[in-house]
Structure formats: structure tokens, C-alpha cells
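Inspection log for the structure reproduced underneath, given as C-alpha cells.
Protein chains: 2
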Amino acid sequence: MRKFLLVISFFAGTLWAGNTQEEVVSSIFSNALNSHVAYENLRVLCETAGERISGSPAAAAAVEFTRQIMDNMNLDSVYLQEMTVPNWKRGEPETARILSSRFGNRDINIIALGLSVGTGEQGITAGVIEVGGLDELEKIGSEAIEGKIIFFNRPVDQSHYNTFEAYSGAVDQRFRGPALAADYGAAAAVVRSVTTANHDHPHTGVTRFREDGRNIPALAISPVGADLLSKWLKADPGLKLFLRNTSHRLPDVTSFNVIGEIRGSEYPDQIITVGGHLDSWDNSPGAHDDGAGCMQSIDVLRIFNELGIRPKRTVRAVMFMDEEISQSGGRKYAAEAGRKNEQHYFAIESDRGAFTPRGFSIDGSDEQLAAIQSLGHFFEPYGIHEIFSGGSGVDISFLRTYYDMALAGLVTDSQRYFDIHHAATDTFDQVNRREMQLGSAAMAALIYLLDHLDILEQ
Amino acid sequence: MRKFLLVISFFAGTLWAGNTQEEVVSSIFSNALNSHVAYENLRVLCETAGERISGSPAAAAAVEFTRQIMDNMNLDSVYLQEMTVPNWKRGEPETARILSSRFGNRDINIIALGLSVGTGEQGITAGVIEVGGLDELEKIGSEAIEGKIIFFNRPVDQSHYNTFEAYSGAVDQRFRGPALAADYGAAAAVVRSVTTANHDHPHTGVTRFREDGRNIPALAISPVGADLLSKWLKADPGLKLFLRNTSHRLPDVTSFNVIGEIRGSEYPDQIITVGGHLDSWDNSPGAHDDGAGCMQSIDVLRIFNELGIRPKRTVRAVMFMDEEISQSGGRKYAAEAGRKNEQHYFAIESDRGAFTPRGFSIDGSDEQLAAIQSLGHFFEPYGIHEIFSGGSGVDISFLRTYYDMALAGLVTDSQRYFDIHHAATDTFDQVNRREMQLGSAAMAALIYLLDHLDILEQ
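As you go down the protein sequences, you meet chains U and F in turn. Converting from the first sequence to the numbering used here requires adding 7 to each position, the first position being numbered 1. Converting from the second sequence to the numbering used here requires adding 7 to each position, the first position being numbered 1.
Below you can see the structure in the form of C-alpha cells.
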């Protein structure tokens with residue numbers, strides 16, 4: 008603690024005038040690693056505004072909590088940005104029961120996918136057809152599928168080092184599978200959870216909702232439940248599955264993005280955005296996804312303030328609402344920027360879990376990518392080696408509709424993320440303070456360097 | 008699973024003949040990421056041979072368990088290597104109670120350091136002198152220290168990105184502090200746990216034991232307890248601390264290193280060692296430290312066998328006994344190698360926790376370092392970017408007494424390690440299967456490449 012205060016008193020007000028950029032970056036990392044602020048704020052968010060799915064009272068609590076945090080940080084402005092969000096409700100706890108004449112009956116853990124319609128109060132009982140992918144539905148055909156429950160059971164491919172690739176290779180079953188099964192007349196769809204874990208927790212996530220009304224109940228079962236159902240099906244193809252869920256959609260409601268900013272000293276009209284999404288799913292506190300990203304974004308402002316780094320450009324921390332369901336927060340932020348003719352210089356999002364940062368994924372021109380890659384040597388002492396072309400973040404991605412700007416995603420160690428993603432296990436105790444704080448530091452350092460060096464073309 | 012079997016059937020027997028080295032490395036990582044064997048073996052080790060401090064029945068169970076695992080792996084030989092190990096016992100649960108006329112009495116969590124002597128049945132009650140480092144004892148002087156409890160309270164410096172540097176900067180208090188305090192006539196020493204965590208668990212570890220008999224009770228308190236004691240001391244410098252522990256040393260006993268090997272096809276007399284240490288502390292199952300390193304080492308042999316990689320040189324997995332207290336296993340292994348005039352080509356140890364691998368720390372000549380660094384491009388696709396000169400592993404380090412060989416330590420993401428190191432929280436649930444398996448793969452790939460390419464000078 009003594010050292011921490013010393014750093015502040017030594018650097019305050021002069022940090023980016025008299026010091027080398029390496030020294031500033033070093034003090035950013037040192038400050039972050041010594042701080043408990045963002046981590047403790049995340050703890051409170053998880054405890055008091057957990058399960059903050061868009062449209063919920065918990066989401067409103069999260070809006071107010073993060074607004075209060077930033078209100079007490081001596082920022083230049085803190086404000087809300089209003090939009091309409093979907094209001095999907097899970098209803099009563101879901102039930103899934105395998106009914107087998109050979110093995111007996113067995114309840115398995117299940118969770119409705121986001122936007123799923125319900126089964127009705129009485130539930131549905133039907134035979135089950137297991138498939139490994141969407142293309143199998145065409146081969147099986149409507150006649151066989153009519154009235155059945157389609158069971159999408161392709162696991163993620165663990166061979167991938169990067170678990171986002173493993174996830175991407177299986178998530179089509181969750182997002183597109185149920186709507187496609189409806190086309191073939193299925194009564195419902197159950198999906199093997201898209202996860203790297205081998206446990207008995209089901210993982211939710213949004214599924215495609217068709218405005219034409221041709222929707223069927225869509226639910227996820229755990230890897231353990233999926234293996235059991237598959238095994239029983241092989242020995243008893245005639246088994247049936249009873250499903251009951253009462254999920255439903257209520258009229259849309261009003262919610263908010265929460266924004267705090269430090270005004271730029273030279274180019275206040277040029278905006279740098281750092282953000283995460285404030286909503287989570289309704290089955291966990293959303294510690295990694297994405298409470299941590301929100302608290303890291305606020306922490307970037309805290310670091311700048313504590314170290315006396317006055318950015319040339321306006322730096323905004325944005326807590327985006329409703330990433331998980333319809334991305335109305337990201338859309339609203341970009342649309343407002345376009346409408347007001349704002350100038351946007353750079354944006355970065357943290358939405359891959361508060362794990363050790365490994366790099367930045369850049370959505371931009373070749374020149375913008377090269378400019379950011381030229382900063383690589385600043386990050387190597389902190390274990391950050393990977394700056395590459397790729398997607399940035401869902402919420403900030405809408406800015407590209409209006410701006411030819413560079414966007415970045417904070418890339419973190421991906422090994423653990425899909426163990427907890429969208430499951431009840433995405434809890435605060437799974438977050439390590441230092442790993443999370445390194446993410447704050449990585450984003451603060453990148454923003455400082457890009458702002459200070461003026462190297463990004465618009 | 009289908010994919011996994013496909014890989015095996017395709018590659019078996021021909022893997023390192025017809026495939027590029029990149030393909031072999033890729034199949035090593037793919038095999039490891041798809042396997043649950045080492046992870047499940049670690050679970051059983053933690054459940055059935057936890058708290059396996061050297062000399063304990065649990066350590067004997069761990070010897071037998073790992074011997075049986077390797078006996079069932081179709082290796083060319085599995086054997087034990089006998090040595091004498093210390094047999095230090097913690098005795099009854101320790102007690103520490105702050106006695107303050109101002110604040111009242113308060114029990115705090117405490118744990119005896121390894122090799123600590125006891126306080127006697129009645130315990131010790133004495134005043135407390137807090138110091139920030141060993142050099143303060145000289146300034147305070149024997150007269151003031153005589154009969155007092157010295158409280159070493161310098162925390163780790165969280166500013167370091169690498170937590171091993173943070174640990175190294177504070178661990179002198181634990182290892183050398185109590186013996187030095189004894190020189191100044193202290194009655195006992197309590198040490199702030201050398202950890203990056205801010206929790207109420209004390210972390211143990213070995214302290215210097217002097218054969219001349221001038222030893223005092225030496226115990227660690229948690230960071231929370233240390234902060235409380237320090238705060239109370241400031242307001243009530245006359246407070247006393249009651250300490251009771253009954254730790255003691257029994258006569259040395261016999262124990263074993265456990266060794267399994269695949270005989271080399273071309274140079275069977277040249278040995279490649281891969282190891283971890285089988286003993287743990289007696290307050291946790293030692294999942295990360297170092298049950299995981301042992302299971303990863305065995306997993307290297309499993310990967311070679313499953314993929315049909317027949318090494319030119321003999322590859323040995325070695326479970327070293329007694330790393331934590333007197334390193335008798337590592338000493339014995341090196342001494343036996345020297346006595347038998349064995350040829351040793353390379354050794355690698357995993358003893359930094361089963362976290363995502365980040366690199367290799369090389370103890371060897373400049374030429375040996377350069378040779379290993381020349382392989383860096385094979386590892387970058389797997390997030391392994393750091394090959395540098397540094398310490399390898401405690402157990403294998405004794406080989407350098409006899410051989411001018413290259414040694415390596417598997418370097419893992421260090422952020423979480425000292426949260427759980429030597430504490431009751433070093434449990435199986437803190438291990439992630441994929442992170443652990445990547446460590447197996449990294450070591451297997453490095454051994455395969457060094458063996459296949461013959462690039463290490465002796």
C-alpha cells in the first residue's frame with residue numbers, strides 16, 4: 008500500500024508529460040495490480056444485481072449501481088442512454104424427464120434458451136431424434152421429424168487451442184437449430200450445452216426467434232444429461248422425453264446504457280470508447296460475462312484519474328445494456344453517435360471473461376491493424392503477445408456502421424471461459440483479482456498509447 | 008471422442024516417420040486436449056493421497072498409486088528409487104490468540120512452518136515486534152528482541168506481473184526470518200503468509216532448521232490475520248500473542264521416487280527426464296503443487312504411447328519425493344544417475360501449477376538456450392511465447408551437479424499460483440482440465456522435438 012501511494016504522489020499530474028511511454032505503461036500495470044476497487048465493485052454487482060437479464064429489476068439495479076460508482080469518481084460527466092429492450096421471462100423452473108420403458112424415468116437438468124416459447128402448462132411428451140448437426144434434418148425429413156423432439160448433440164471440438172473456435176463450431180445448433188427444427192415440424196428442440204466443461208450444468212444463450220410465430224420450445228441440457236440421453240436412446244430408441252417450460256415474452260421495456268467520461272484536453276470531440284455489457288443471463292451473477300468487462304472499463308477511467316493521465320481525447324466507459332438478447336444497447340450507442348455526428352477515434356470492448364489478457368483482436372483497416380501491432384513491444388513484458396485481425400466486441404461492432412474506425416476486443420486466456428459461459432457457475436469466486444486487473448491495465452495502456460501517439464488513421 | 012479415435016488410428020505407428028513436425032506437435036496438443044486421463048488421475052490422487060507430506064502414510068499411498076498407474080500403461084519399465092526422507096509432524100492444530108487490553112482477545116488462523124519446533128504443551132505468550140524485513144532485526148537489537156515474538160509482515164509486491172518475482176521478494180522472511188530472529192533471542196516468529204491472495208488462509212512452507220538446535224517456533228498467519236495484528240499493534244503496542252503448536256520431528260523414514268520409462272529406439276542409454284514432485288504439504292491435497300506436475304509427466308508417456316511416437320532416447324517420467332522439505336528425491340535421482348554413469352540429454356519439470364503454459368525457463372548454456380529457442384515457432388499456435396534463461400525445477404536442478412545438460416521448467420500463467428500455494432485452498436476444483444492438459448502437451452511436444460531433431464549439445 009505504501010508503494011501504491013508513492014506511485015500516485017510521484018506521478019500525479021505529470022505522468023504523460025515527463026515520463027517515457029514505457030514508464031507510463033509500467034505505472035498503469037502497477038496501479039492496476041495493486042488496486043482492489045474494480046474487483047470489489049464486481050463482487051457487489053454480483054451480490055446485489057446478479058441474474059440481470061435485460062428488462063429485469065436486477066438489470067435496473069445494475070444501471071443504478073454503475074451510475075453511482077461513476078458519479079463518485081469525479082468524472083467530467085455521467086449519464087444514461089435510453090432504449091427499449093426485450094423482456095423475456097424464464098417462468099417457472101423447467102422440467103425434463105426421460106421416460107424409458109427399458110431404463111425407467113429420469114429427470115435431467117435443463118434450461119430454456121433465451122427467447123424460447125413455452126410448452127404450455129401441461130408440457131410436451133414426444134419421441135426424440137438425435138442429430139449431430141443441422142444438415143441431418145434434411146436427410147431425416149419432415150415426415151419422420153413431425154411431432155418429435157430434435158436433440159442436437161454435437162459436442163464442441165476440444166482439439167482447438169482457442170475455445171472460441173470450439174464454441175463457434177457448435178453454437179449453430181443452439182442459435183439456428185430450434186428454428187430449423189420447427190420448419191420440419193418438430194414439437195421442440197433440446198440442445199447439448201455449448202461448453203468445454205464436462206459437468207451437469209446446462210448453459211443457456213439466445214436462440215433465433217421468428218416473428219412469423221413458427222417457434223418451438225428450445226432448451227439446453229448439460230453435457231452429462233446429453234450423454235445420458237444419447238446412451239439411453241441407443242438402447243431404447245422409442246423412449247420419450249417430457250419437457251415443460253413456461254418461458255414467455257412480455258412487452259418490451261425501457262432500459263439504459265450507462266456512460267461516464269473524462270473530457271479530452273486537446274480533442275474533446277474525438278471519442279475513445281471502452282466498454283462491456285451490463286446485462287447477464289438470468290441463471291448466474293454474470294461475473295465473467297460480463298460484469299467484469301464493465302468494471303474493467305470503469306477501472307480504465309479510475310487508472311487515468313489516479314495516475315493523472317489527462318487524455319487528449321474524450322475517453323468514455325460505456326456499460327452496454329442487452330448484449331445477450333437483441334444488442335439494443337450497442338445499436339443505440341452507435342445510432343446516437345451517428346445522429347449527433349460524433350467523431351470516434353477508437354473503441355475497445357472486454358467481453359471474453361476476466362482471464363489473463365493475451366492480446367487484442369482488431370477490427371479495422373490494414374493500416375489500423377499495423378499501427379496497433381507497432382505497439383506490441385509495450386505489452387510483451389505483461390505477457391501480451393497476440394495482436395491480430397479479428398472480431399472486436401458485439402456491442403461496439405455497430406460503430407462500424409457509421410465509422411471507418413479501429414475496434415479492438417481484449418483477448419484473454421480462453422481455456423476456462425466456456426466452462427462457465429451462460430451457466431450457473433459464472434460466479435464471482437471464479438474471478439481472480441490479478442487476472443481481472445491485468446485486463447483493466449491492458450485496455451488503459453492501449454488507450455493511453457493510441458491517444459498519446461495519434462497513430463490511428465480515421 | 009470420434010475425432011480422437013480417428014487421430015489415433017490415422018497416426019498410430021507412423022506418426023514421426025511420415026508426418027511433418029508441425030503435424031506431430033498438432034496431434035500431441037489435440038490428443039492432450041481431448042484426454043481426461045491425467046485430470047481424473049489427479050482427482051483420485053487428491054482424494055486418496057492428499058496431504059502427502061514426505062514421510063507420511065499418504066505419501067506412501069501416492070507412491071503406490073502412481074506406480075500402479077504406470078504399471079498399467081504398457082511401459083518398458085516401472086520402478087522405485089529408495090531414499091531417506093525427513094518425518095516432520097504438525098501435531099495438534101495450532102493456536103494463535105491476540106491478547107489485547109484495549110481490543111480484547113482474538114483467535115487468528117495460523118499454521119506452523121515446515122520443520123518448525125513446537126512451543127511446548129503450554130504454549131508461549133509474549134509481546135510482539137513487527138518488522139518489514141530481516142535487516143530491521145539488527146537495528147532493533149538483541150536487548151529489545153529477547154523473549155519477544157518477531158512478526159515479519161512485509162507483503163508481496165503485487166506490482167510484479169510475474170508472481171514468482173513477487174514471491175521471491177518476500178519469502179526470505181519465511182525461510183530465513185525465524186532462524187535469524189532466534190539469533191537475536193526471540194521466543195518465536197510469526198510470518199505474514201507469502202501469498203498474492205487477500206484471504207484468511209495461512210500458507211505454510213519450509214523454514215530453515217538449524218542442526219545446532221537454536222530453533223524457535225515459526226508459524227505463518229493469513230494476510231487478513233496479519234493486517235489485524237498489525238492494526239492492533241499500532242494502537243496497542245503492548246499487546247501479547249499466545250502461540251501453541253506441537254510440531255516435532257520424528258526419526259527419518261524410507262520413501263521413494265517413482266519412475267516409469269519408455270526405452271529409446273536408437274539411443275536407449277541417453278535419458279530424457281520429465282517430472283514433478285509427488286509430496287505436498289500436509290494442509291491441502293496439493294492439486295497444483297505438485298500433483299498436477301506428476302500427472303502431466305506420466306501423461307507425456309501416455310501421449311507418446313497413444314500416438315505411436317517411439318522416442319530415439321529413453322524418456323522417463325519421475326515422481327520426485329520430498330521436494331518441499333529437503334529435496335532428498337531430487338538429490339537421490341541425480342546421485343544415482345552419476346553413480347551409474349548414465350547419459351542425460353535433457354530434463355524438464357512441471358512445478359508451477361497446472362495453469363495455461365506460457366513458455367519454458369531454460370537452465371543451460373547459451374547454445375542450449377538458443378537451440379530450444381529455435382523451436383519457438385512450433386509453440387506459438389498454442390499461446391506459448393516465452394523461452395528464456397532461468398531456473399528450471401528444484402528436483403531436476405541437482406542433475407546439473409553431474410551433467411552439462413539443458414534443463415527446463417514449464418512456465419505457466421503465474422497469476423493464480425500464489426493464491427493457493429502451500430494453503431488449504433490448493434484443491435482439485437482449482438484445476439482446469441484444459442489448462443492442465445496443455446501443460447502435458449507442451450512438455451511432450453518439446454521432448455519430441457528435442458529428441459527427434461538431436462539439437463541439444465551435451
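We put the CB at the ideal spot given by N, CA and C, even for glycine.
- Within the segment 151 to 167 of chain U, the residues whose Cβ lies closer than 9 Å to some Cβ of chain F are P162, D164, Q165, S166, H167, listed in chain order.
- Along the segment 226 to 255 of chain U, there is no position whose C-beta sits under 7 Å from a C-beta of chain F.
- Within 10 angstroms of the beta-carbon of U:Q75 lie fewer than 16 other beta-carbons, which makes it exposed.
- DSSP, reduced to helix, strand and coil, places F:A415 within a strand of the structure shown.
- By the Cβ criterion, the segment 326 to 334 of chain U is in contact with the segment 279 to 294 of chain U, since at least three pairs of Cβ atoms, one from each stretch, lie closer than 8 Å.
- Following the DSSP letters along the chain, one finds U:M450 inside the alpha helix (DSSP H) bounded by residues 440 to 460.
- The C-beta distance from U:F182 to U:T214 rounds to 6 Å, short enough to meet the 8 Å contact threshold.
- Contact annotation: in the segment 34 to 56 of chain F, residues whose CB is within less than 8 Å of a CB in chain U are F36, S37, L40, N41, H43.
- Using a Cβ-Cβ cut-off of 9 Å, U:P388 counts as an interface residue toward chain F, since at least one Cβ of chain F sits closer than that to its own.
- For U:A103, the uninterrupted beta strand (DSSP E) run begins and ends at 102 to 107, by DSSP.
- The beta-bridge partner set that DSSP reports for F:K339 is empty.
- U:E172 sits in a helix when the DSSP states are folded into three classes.
- Per DSSP, U:Y352 is not a residue of any alpha helix (DSSP H); the beta strand (DSSP E) it occupies stretches across 350 to 356.
- Sequence-distant Cβ neighbours of U:Y410 in its own chain, meaning closer than 6 Å and more than five residues away, are H351.
- Across the set U:I118, U:R346, U:K96, U:E464, the C-alpha of U:I118 shows the shortest separation from the C-alpha of U:R104.
- Scanning the segment 385 to 413 of chain F from its first residue to its last, the whole beta strand (DSSP E) runs of 3-plus residues come out as 393 to 396.
- The alpha-carbon separation between F:I391 and U:G176 amounts to approximately 24 Å.
- When U:K155, U:V70, U:P258 are compared, the shortest CA-CA separation from U:K247 is found for U:K155.
- Cβ-Cβ distances below 6 Å link U:H429 to H210, T211, G212, W288 in the same chain, with the five nearest sequence neighbours on each side left out; the list follows chain order.
- Here U:S254 is buried, its C-beta having at least 16 other C-beta atoms within 10 Å.
- The shortest CA-to-CA distance from F:A204 to any of F:A452, F:M450, F:D433 is the one to F:D433.
- DSSP places F:K241 within a helical segment (H, G or I) once states are collapsed to three.
- DSSP, read as helix, strand or coil, puts U:L248 in strand.
- The residue from F:I462, F:R423, F:A67 with its alpha-carbon nearest to that of F:T170 is F:R423.
- Secondary structure of U:Q334 (DSSP, three-state): coil.
- Ranked by how close their Cα comes to the Cα of F:M443, the residues F:E29, F:R199, F:G337, F:N48 have F:N48 in first place.
- Secondary structure at F:F216: coil, using DSSP grouped into helix, strand and coil.
- Around the beta-carbon of U:L82, 16 or more other beta-carbon atoms lie within 10 Å, marking it buried.
- Here F:T55 has A68, F72 as same chain residues with Cβ atoms under 7 Å from its own Cβ, once five neighbours each way along the sequence are excluded.
- Around U:Q277, the same chain offers R320, Q350, Y352 as residues with beta carbons nearer than 6 Å, after the five sequence neighbours per side are excluded.
- No residue range can be given for F:I115, since it is assigned to no alpha helix (DSSP H) and is classified by DSSP as neither H nor E.
- For U:A133, there is no enclosing alpha helix (DSSP H); the enclosing beta strand (DSSP E) has its first and last residue at 131 to 138.
- Across the structure, F:A66 and F:S262 are spaced so that their CA atoms are roughly 8 Å apart.
- When secondary structure is reduced to three states using DSSP, F:T202 falls in the coil class, being assigned neither helix nor strand.
- Boundaries of the alpha helix (DSSP H) harbouring U:T73: 64 to 78, taken from the DSSP string.
- Here F:S335 is buried: its Cβ has 16 or more other Cβ atoms, across all protein chains shown, within 10 Å.
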